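Residue numbers (the numbering used here), protein chains in the order written: chain A, 1 to 486; chain B, 1 to 419.
Contents: one structure, followed by commentary.
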């Protein structure tokens, strides 16, 4: 007999993870199924990490209300889950009186939405708030409640917390079919695994439309809006003290300059509608576009500082709002689709919203007396003082073994990642930051691979970058017939 | 926290650090080497090919053999060696420096020293640095990482490889991968001339019939999980000619696209980094702008032969000795790269002793001339049989030649290459 659950969440992105954690506080048997080998490996991993300020959309949009509510919840979440988060504030820089008029509209949105502390600024105040801004700035907007997080760390922490409170996670579980019989959904994975569930939450990001179709629920189309971003070195002079937005266009919030919580600078993203959901490629044209746009905001942004680039995908729906509703065609099937920006910001509020929908539709929610919202804090070498490091090493010598020299990541942190289930190279990278610095793994990749082998008992051939066919090495010396090309 | 006091601390136990340490210890000064890996030798340990030591030892050695020679030398001398220990910070207290390092067996250690020698070597430039478009699959390696996997761990990164950049490590790896049975499809070089030594082009590519595409770039990487192929586009007069793009199927892409001195610790200590070399700007004593902090080897500028690293580091050691003995050579005057010179180091000279400079050409030329001028007046003109960017040029200038010329504080030495 397949395992039977009260709730199945499809997708372990920030939305799915936040919902799972919320449900873990109640007496429910919940499972999260994820097609990738780790959580956060879809849309969420390439999120810009901005906790939005509540002024980009007007009050009529659901996403606007959830953004405001989500934003407020982040301080408490950080206390409980220890992911890197900083309320550094957001500025929107206008370079003409036309742009200033749009800024005034944003300000009105913010006031209407209830964005705390939002203000209009003149030229001087803009430069006071962000001295690296282009001196041609006419004026702009300041949202002190805006901030930045490490998006994958947020998702990892949410899922760790959910698991701690009894939620199960099934990775590499790509849903093939979902059938409803006798009030129970049977969900089958491509590899033949089966589970049963009373409720299904469709939080499948880019693939919500396909999942909905598989279950025979509503038909709709997720349009993928692709965004390319560049990451600059920690030493880049471009590092600002606030998130810097341009004045938005109709299609997107524009290409911005983001000072990440970990001290790197991110520039981008672009916004292009694409047909192929798996087209994660970057292009030269967009590279030029991003840098000229970023330099218009912050002139010291330099191509010399690039350490890497990547692509993110935004799952969008016609009308551009979130679609969070009970299915009208299938019982106890909840659509959580079109979660594009500000999805990350809204995620804790989305979780509450989904919980409320379930409650309204008959799910009995009994709080668990032993629910623990806190997870253990893994000490990070790079955030510790000399005295703390000395003590950490005394307690655990693996804190004295630096593996990633660019980001100062120790063996102890890598072991913690593997033990928490993040054992692909990208999983370890997102959990620890190892291989994320300026050498991009040139020095430490083989060391990490050895630790994975030791900790999990796997062989070098089993290690992947991010699951699937993303192997690193697959042969040993002597495996090929040599001398074939002499 | 453990506290240790010595005269000199050397960061890095590779070829540069060991040579400098030996020179300092031979003069009776107390010196400690802090090396982050578990053994001394640095990158030499994975360079198992031959061609090392022709200048220094007048014989042909492999990288590990060259390293071993120096390990034996430093083991004979009273040199403290800490391996598996990483330096995180240099705190300049003027008269002395506090250097903080840690390891799993020692915990945090505070070294109190009079001088520090930076000898951390360099790192490889990577995909982000050259901005190769396309998808981001597994299978893109820097050549040095691939070299490590093959030579130390016996692992093969892939079966069908394309190599970007004709730097020496890339060329050596083309041969190495061929030897272990992988299929090296092509080496792609953006410049119209090879980036590596001529002898490596012959021995590593020509001997294995591996095509070298000069003035070409990898313009796109394909593959969802693992590399599946690359587009290669020629450059015509420096501009991409997309119509002539061709595709190669491969599962591995190796990048040998240059090295960058690794100066994170130096920067934190306030050391000024030269835009030209990406290493510290140093005076004629190989001392940085921070008094008592010296630099040598690949952390100063990227060398093409280890023999030159050793030569420079021995000199560095002797300058440190002079510094400790209060005999540091006096006035330093500025040095500037002249025509067709990409960089020159050191960036200062003295008239109290002979000066040695290393420089790199921006041009490829037979029968070039090296021209040294002081305040606009030519003082040396020397024939160079052949110059190219990949081959470092050394230039010695005797003190007498400089002394006789009446130097003032604005004096400037310029070294250029005439075609």
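Don't be surprised by glycine CBs; every beta carbon is placed ideally from N, CA and C.
Keep in mind the model is a prediction, meaning the values are calculated, not measured.
Beta-carbon proximity list for residue i, same chain, < 6 Å, skipping 5 on both sides
| i | result |
| --- | --- |
| residue 133(B) | 220 |
| residue 483(A) | Bear in mind that the predicted position of residue 483(A) carries a pLDDT of just 46, short of 50, making it too unreliable to give a figure here. |
| residue 80(A) | 373, 374 |
| residue 84(B) | 38, 103 |
| residue 111(B) | 4, 9, 99 |
| residue 200(A) | 8, 185, 333 |
Beta carbon of residue i nearer than 8 Å to that of residue j
| i | j | result |
| --- | --- | --- |
| residue 215(A) | residue 33(A) | no |
| residue 392(B) | residue 360(B) | yes |
| residue 139(A) | residue 94(A) | yes |
| residue 22(B) | residue 73(B) | yes |
| residue 165(A) | residue 24(A) | yes |
| residue 195(B) | residue 167(B) | yes |
| residue 136(A) | residue 232(A) | no |
| residue 223(A) | residue 273(A) | yes |
| residue 218(B) | residue 188(B) | yes |
| residue 417(B) | residue 370(B) | yes |
| residue 74(A) | residue 113(A) | no |
| residue 19(B) | residue 279(B) | no |
| residue 229(A) | residue 310(A) | yes |
| residue 340(A) | residue 225(A) | yes |
Beta-bridge partners of residue i, as assigned by DSSP
| i | result |
| --- | --- |
| residue 249(B) | 229(B) |
| residue 271(A) | Partner(s): none; residue 271(A) has no beta bridge. |
| residue 42(B) | According to DSSP, residue 42(B) bridges with nothing at all. |
| residue 188(A) | 177(A), 194(A) |
| residue 333(A) | 200(A) |
| residue 30(A) | 7(A) |
| residue 168(A) | 31(A) |
| residue 243(B) | Answer is none; residue 243(B) lacks a bridge partner. |
| residue 471(A) | 464(A) |
| residue 325(A) | 335(A) |
| residue 50(A) | 148(A) |
Counted within 10 angstroms of its Cβ, other Cβ atoms place residue i as buried (16 or more) or exposed
| i | result |
| --- | --- |
| residue 211(A) | buried |
| residue 361(A) | exposed |
| residue 101(A) | exposed |
| residue 253(A) | buried |
| residue 322(A) | buried |
| residue 394(B) | exposed |
| residue 486(A) | Note that residue 486(A) scores a pLDDT of 36, beneath 50, so its modelled location is shaky; the value from the coordinates is reported in the next line. Residue 486(A) comes out exposed. |
| residue 40(B) | buried |
| residue 336(B) | exposed |
| residue 39(A) | buried |
| residue 152(B) | exposed |
| residue 357(B) | buried |
| residue 368(B) | buried |
| residue 199(B) | exposed |
| residue 439(A) | buried |
| residue 319(A) | exposed |
| residue 421(B) | Because chain B spans 1 through 419 in this model, residue 421(B) falls outside it and cannot be assessed. |
Residue i - containing beta strand (DSSP E), residue span
| i | result |
| --- | --- |
| residue 381(B) | 377–387 |
| residue 337(B) | 333–337 |
| residue 245(A) | 243–246 |
Same chain only: Cβ atoms within 7 Å of residue i, ignoring 5 sequence neighbours per side
| i | result |
| --- | --- |
| residue 414(A) | 403, 428, 432, 434, 448, 451 |
| residue 115(A) | 53, 54, 55, 68, 143, 145 |
| residue 78(A) | 85 |
Residue i - containing alpha helix (DSSP H), residue span
| i | result |
| --- | --- |
| residue 213(A) | 208–214 |
| residue 134(B) | It is not in any alpha helix (DSSP H) - residue 134(B) carries neither H nor E in the DSSP assignment. |
| residue 107(A) | 97–113 |
| residue 284(A) | 284–297 |
Sequence-distant residues of the same chain with beta carbon closer than 8 Å to residue i, five excluded per side
| i | result |
| --- | --- |
| residue 403(B) | 351 |
| residue 31(B) | 6, 7, 8, 9, 10, 21, 24, 25, 79, 80 |
| residue 366(B) | 385, 386 |
| residue 259(B) | 122, 123, 124, 125, 167, 298, 302 |
Residue i Cβ short of 7 Å to the ligand NAD heavy atom set
| i | result |
| --- | --- |
| residue 60(A) | Absent from the structure shown: the ligand NAD. Ligands present: none. |
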